[in-house]
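Single-structure report; data block below.
Residue numbers (the working numbering): 93 to 550.
Right, dumping it as structure tokens:
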């Protein structure tokens, strides 16, 4: 359900009145923005009326971060509620009349989440989560048969493995992380100037993405930045989804940022294609199978910088995560992380209860996982595994590079992965159609941010 509506509420603090715009997002949260673009301070409490099922605070932004609220609504066509905002010793009252129709399914969603929470709590105490053991593939190992065997075993088991000796120096990796941190340290007004566009390039705020709506109460507690293959605006390819020019912070604000990110994107794409060649061999295909023009000739290769804030603590029993459980969408993902543990994988998504294991960071190496498109290509022989991020109060930075095939590439069962006893499990689908649907399902509608981007640009 999309709640892409807006409402104006007025704060009267005794000195002046100012309007605050509530932007209702697709993931059932809304972003409260002051006229000057700053956040709404203070913890939020709700005064429950008969029309209001729930209005609860989910985030109190430190520094420049905006107040974000999540609400689950009843079937009443009109909503009236009062939010009490405690700002230090001063109590400010917000009043709003929202003429917004809501569907019953939002209430059902909240109820089902709570029911699942109670089931989980009743089924087990919080268990100790162990670390998984992953195979490690060296891209400089001359024994290609050994590399293929290790990779194939990993793809059959968990769909996760490490890659080392990839040719990107640790010094440069450290520089990329440093530049990433510089962007996320900017004030929220500066970051929102780079808000992701319809081509999915640019900044994604905290709670913008909801990866596991069945189990998450709120969106992901992470912010990110998308960088894709640079396609000039006057190039015919720029008319297609996921192709187009990138958004870049001003050189006056972060000198050298664009140059570093372009270089890293190029290097990560090279490494990802090297891994894809080993995967092809593991599928009994020629090593250059994915190099064909219709496959990776013009890939939708996307770098996403990620920042999980300090002081955020995940609680799976309450549906609170740094990133909700999901599988990636494309061919493969290369993940570079700092030394903060947080990534967990679930090898069997159908197990009850699900068993989660930590994946340890590997300095200088990549954590690689398979995506849904490769699972479709391999007819589920290779695994696209559920994973999530849980936070323990430490800031965490990572860089995910998603390798996806060309726009028109048709993803269908490979001839080496089907037989009479194992016919194709999925219908053919184009890469662009599949990706567009997945992004639409998990990201907030851009119209939700319209007012904020206007304020930020003034």
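From the three backbone atoms N, C-alpha and C, an ideal C-beta is built for every residue, glycine too. Note that this is a predicted model, so its numbers are computed, not measured.
In whole angstroms, what is the alpha-carbon distance linking residue i and residue j?
i: residue 535; j: residue 315; result: 12 Å
i: residue 280; j: residue 529; result: 28 Å
i: residue 293; j: residue 420; result: 18 Å
i: residue 113; j: residue 287; result: For residue 113, the pLDDT reaches just 43, beneath the cut-off of 50, and the residue's location in the model is therefore unreliable, leaving the point undetermined.
i: residue 276; j: residue 515; result: 47 Å
i: residue 378; j: residue 299; result: 42 Å
i: residue 401; j: residue 513; result: 49 Å
i: residue 431; j: residue 486; result: 11 Å
i: residue 360; j: residue 263; result: 15 Å
i: residue 539; j: residue 285; result: 14 Å
i: residue 234; j: residue 240; result: 11 Å
i: residue 366; j: residue 381; result: 12 Å
i: residue 525; j: residue 387; result: 15 Å
i: residue 324; j: residue 244; result: 38 Å
i: residue 221; j: residue 434; result: 11 Å
i: residue 295; j: residue 493; result: 15 Å
i: residue 248; j: residue 504; result: 19 Å
i: residue 443; j: residue 472; result: 17 Å
i: residue 330; j: residue 289; result: 13 Å
i: residue 455; j: residue 507; result: 38 Å
i: residue 115; j: residue 376; result: Only weak support is given to the placement of residue 115: the predicted model assigns it a pLDDT of 44, under 50, and the value that follows is read from those uncertain coordinates. Whole-angstrom Cα-Cα distance: 51 Å.
i: residue 268; j: residue 390; result: 24 Å
i: residue 238; j: residue 246; result: 12 Å
i: residue 510; j: residue 343; result: 52 Å
i: residue 291; j: residue 357; result: 17 Å
i: residue 332; j: residue 297; result: 24 Å
i: residue 411; j: residue 445; result: 15 Å
i: residue 242; j: residue 428; result: 20 Å
i: residue 533; j: residue 403; result: 28 Å
Measuring CB to CB, does residue i end up less than 8 Å from residue j?
i: residue 260; j: residue 363; result: yes
i: residue 480; j: residue 415; result: yes
i: residue 256; j: residue 230; result: yes
i: residue 423; j: residue 478; result: no
i: residue 308; j: residue 450; result: no
i: residue 417; j: residue 302; result: no
i: residue 320; j: residue 394; result: yes
i: residue 475; j: residue 495; result: no
i: residue 426; j: residue 460; result: yes
i: residue 523; j: residue 392; result: yes
i: residue 228; j: residue 252; result: no
i: residue 397; j: residue 317; result: yes
i: residue 439; j: residue 250; result: yes
i: residue 274; j: residue 346; result: yes
Residue range of the beta strand (DSSP E) that residue i falls in?
i: residue 396; result: 391-400
i: residue 489; result: 488-498
i: residue 228; result: 228-230
i: residue 246; result: Here residue 246 belongs to no beta strand (DSSP E); instead the alpha helix (DSSP H) covers 236-249.
i: residue 527; result: Premise fails: residue 527 lies in the alpha helix (DSSP H), 523-534, not in any beta strand (DSSP E).
i: residue 418; result: 415-418
i: residue 435; result: 435-438
i: residue 382; result: Segment: none, residue 382 is in no beta strand (DSSP E) and carries neither H nor E.
i: residue 425; result: 424-429
i: residue 447; result: First-last for residue 447: undefined, no H or E at that position.
i: residue 252; result: 252-256
Which stretch, first to last residue, makes up the alpha helix (DSSP H) that contains residue i?
i: residue 479; result: Note, residue 479: premise wrong, no alpha helix (DSSP H); beta strand (DSSP E) at 478-481.
i: residue 330; result: Run containing residue 330: none; DSSP gives neither H nor E here.
i: residue 368; result: 349-374
i: residue 466; result: 464-469
Identify which residue in the options has its Cα closest to the Cα of residue i.
i: residue 551; options: 345, 325, 344, 484; result: The chain is shown only over 93 to 550; residue 551 falls outside these bounds and no answer can be derived.
i: residue 225; options: 490, 507, 501, 453; result: 453
i: residue 349; options: 494, 310, 270, 360; result: 270
i: residue 554; options: 284, 232, 285, 517; result: Nothing can be reported for residue 554, as the shown portion of the chain is limited to 93 through 550.
i: residue 468; options: 518, 310, 389; result: 518
i: residue 236; options: 510, 369, 221; result: 369
i: residue 399; options: 278, 254, 251; result: 278
i: residue 384; options: 445, 508, 251, 501; result: 501
i: residue 490; options: 290, 223, 265; result: 265
i: residue 521; options: 464, 488, 355; result: 464
i: residue 407; options: 482, 497, 470; result: 482
Whole runs of the beta strand (DSSP E) within the region 260-326, excluding any shorter than 3 residues: 294-296, 315-319
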